[in-house]
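Just below is one structure, and these are the notes that go with it.
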Amino acid sequence: MTIKFTKISQMFLNYFIATLIGDKNLKWYESIDWEEEITHFQRPLFTYPSYYTSVNYHGIPQGYLNSIAAITYDIITPLATLPYEQWIRQCLLNEISFKPKKILDLGCGTGSNTIKLKQIFSEALVTGLDLSPYMLIMAEKKAEDKNLEIQWKHGLAEATEMLTNSYDLITISLLLHETPNSISQLIIKESFRLLKPQGQLIILDANQNRLKHLQLLIKLFREPYSAIYAQGNLKQWLENVGFLTISVKPVWGIYQVTSTYKPETF
1 MTIKFTKISQ
11 MFLNYFIATL
21 IGDKNLKWYE
31 SIDWEEEITH
41 FQRPLFTYPS
51 YYTSVNYHGI
61 PQGYLNSIAA
71 ITYDIITPLA
81 TLPYEQWIRQ
91 CLLNEISFKP
101 KKILDLGCGT
111 GSNTIKLKQI
121 FSEALVTGLD
131 LSPYMLIMAE
141 KKAEDKNLEI
151 QWKHGLAEAT
161 EMLTNSYDLI
171 TISLLLHETP
181 NSISQLIIKE
191 SFRLLKPQGQ
201 LIILDANQNR
211 LKHLQLLIKL
221 FREPYSAIYA
231 QGNLKQWLEN
241 VGFLTISVKP
251 VWGIYQVTST
261 YKPETF
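Its first residue numbered 1, the sequence shown is counted upward by one per residue in the working numbering.
Put into structure tokens, the structure is as follows:
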């Protein structure tokens, strides 16, 4: 899965990465055997869905299924989440209404939100799940650097194979706009199944109504599913599977935080 580069292009890439992340992180990036490391996460004979393998996320060949996407994610994301990535992510955290004991971060990527959740709720069992084993390598490194114990799991957000009614809180950050609408709705349905009664689901993503009018932005960041996501209705998707008390709050330009609960009886 790892992309091969010519000697010159690899030198240019290393210079670019070193400039942005520093020599220490570059040495780690160059020393790691990515194909060996992903075996610690990737399940044997795992089959990736076509919606994930048939597109190049952000114009990167093979999308998130390569080491380049993982190492550059924390560099590129702040550019796409103006005015300030951490402030936008904090808006999700501000919606948590109780002290959860078990937390699941679906589509955790390199663990930016997952790590924050563990720092805030240090006694909680926190799990981050992502479809890219390369992203999980980065997430694990970031957590280890902060001496945080987090469970990292590889798999589908729409079919986690986890136990029903097992989490107090589920968070989904900047994931739904990167999947087809049919998959987004399956992720919401899976979240409903995984939550305990009265459990909370919080979603940070683009505001669909605003995104409809930003086709140039979608093309700039080369998002394969954002235009499709903009045609959907997140609130309706949540209502369709049984979520109640749905709150939608705008966040800066094109974002929104949506908070909702699984009913006590269903």
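Idealized CB from N, CA, C, for every residue including glycine.
Practice problem: Identify whether valine 251 lies in helix, strand or coil by the three-state DSSP scheme. | Solution: Here DSSP, grouped into helix, strand and coil, assigns valine 251 to strand.
Quiz prompt | Cβ contact (3+ pairs, closer than 8 Å) linking the region 199-213 and the region 229-240 | solution = Yes, they touch.
Quiz item: Quick one: what's got a C-beta closer than 8 Å to glutamate 123's C-beta in the same chain, skipping five residues either side?
Solution: Contacts found: Lys101.
Quiz item: Per the contact definition of three or more C-beta pairs closer than 8 Å, is the region 60-72 in contact with the region 151-169?
Solution: The region 151-169, when compared against the region 60-72, does not touch it at the 8 Å Cβ threshold.
Practice problem: Indicate whether the contact test is met: 3 or more Cβ pairs, each with one atom in the region 139-149 and one in the region 162-182, closer than 8 Å. | Solution: Contact between the region 139-149 and the region 162-182 is absent, because fewer than three Cβ pairs lie under 8 Å.
Practice problem: May I ask which residues mark the beginning and end of the beta strand (DSSP E) holding threonine 179? | Solution: Where threonine 179 is concerned, there is no enclosing beta strand (DSSP E), given that its DSSP letter is neither H nor E.
Exercise. For glycine 199, name the three-state secondary structure that DSSP assigns.
Key: DSSP places glycine 199 in strand when its eight states are reduced to three.
Quiz item: Within 6 Å: the Cβ of leucine 156 and any heavy atom of the ligand NAD?
Solution: Absence of the ligand NAD from the depicted structure is noted, as is the absence of any ligand whatsoever, leaving it without description.
Practice problem: Run through the region 101-147 for me and flag every whole beta strand (DSSP E) of 3 or more residues, listed as ranges in chain order. | Solution: Listed in chain order, the complete beta strand (DSSP E) runs (minimum 3 residues) inside the region 101-147 are 102-106, 125-130.
Quiz item: Going straight from the alpha carbon of glutamine 198 to that of serine 259, what length do you get?
Solution: Straight-line Cα distance between these residues: approximately 12 Å.
Quiz item: Which term fits serine 97, buried or exposed, when burial requires 16 or more other beta carbons within 10 angstroms of its beta carbon?
Solution: It counts as exposed.
Practice problem: Count the other C-beta atoms from every protein chain shown that fall within 10 angstroms of the C-beta of glycine 63, then say buried if there are 16 or more, exposed otherwise. | Solution: Under this definition glycine 63 is a buried residue.
Exercise. Taking histidine 58 as the reference, give the member of Thr77, Thr47, Gly107 with the closest Cα.
Key: Ranking Thr77, Thr47, Gly107 by Cα distance to histidine 58 puts Thr77 first.
Quiz prompt | Neighbourhood of lysine 268 by C-beta, 8 Å cutoff - its chain only, sequence neighbours within 5 removed | solution = As displayed, the chain neither begins before 1 nor continues past 266, which places residue 268 out of reach and without an answer.
Practice problem: Could you work out which residue in Tyr134, Glu264, Leu92, Arg89 is closest to threonine 110 when comparing CA atoms only? | Solution: Minimum Cα distance to threonine 110 is reached at Tyr134.
Self-check item: C-alpha distance - asparagine 113 paired with glutamate 95, whole-angstrom precision
Solution: Whole-angstrom Cα-Cα distance: 13 Å.
Quiz item: Based on the DSSP secondary-structure assignment, which residues constitute the bridge partners of valine 257?
Solution: The partner list for valine 257 (beta bridge, DSSP) reads Leu204, Lys249.
Quiz item: Which whole-angstrom value describes the C-beta separation of leucine 129 and threonine 160, a residue pair presumed to lie in contact below a C-beta threshold of 8 Å?
Solution: Sure, about 6 Å apart at Cβ, within 8 Å.
Self-check item: Contact set for tyrosine 48: own chain, Cβ-Cβ below 8 Å, skip 5 residues either direction
Solution: Excluding sequence neighbours, tyrosine 48 sits near Leu65, Leu131.
Quiz item: The beta strand (DSSP E) with serine 173 in it runs from where to where?
Solution: Note, serine 173: beta strand (DSSP E), 167-173.
Practice problem: Indicate the three-state DSSP secondary structure (helix, strand or coil) for lysine 153 in the structure shown. | Solution: Reduced to three states, the DSSP call for lysine 153 is strand.
Self-check item: C-beta contact flag for leucine 244 and tyrosine 261 at 7 Å
Solution: In contact: leucine 244 and tyrosine 261 (Cβ atoms closer than 7 Å).
Self-check item: Endpoints, the alpha helix (DSSP H) within which serine 226 is located
Solution: Unbroken alpha helix (DSSP H) run through serine 226: 226-229.
Exercise. Could you please give me the residues that DSSP links to alanine 159 through a beta bridge?
Key: Beta-bridge pairing links alanine 159 to Leu156.
Quiz prompt | With 16 other Cβ atoms within 10 Å as the buried cut-off, status of leucine 107 | solution = The question names leucine, yet the displayed sequence has glycine at residue 107. The Cβ neighbour count for glycine 107, taken over all protein chains shown within 10 Å, is at least 16; the residue is labelled buried.
Quiz item: Among all the DSSP beta bridges, which residues are the ones paired with leucine 244?
Solution: Bridge partners of leucine 244 according to DSSP: Tyr261.
Exercise. For asparagine 181, count neighbouring Cβ atoms within 10 angstroms of its own Cβ and tell me buried if that reaches 16, exposed if not.
Key: Buried.
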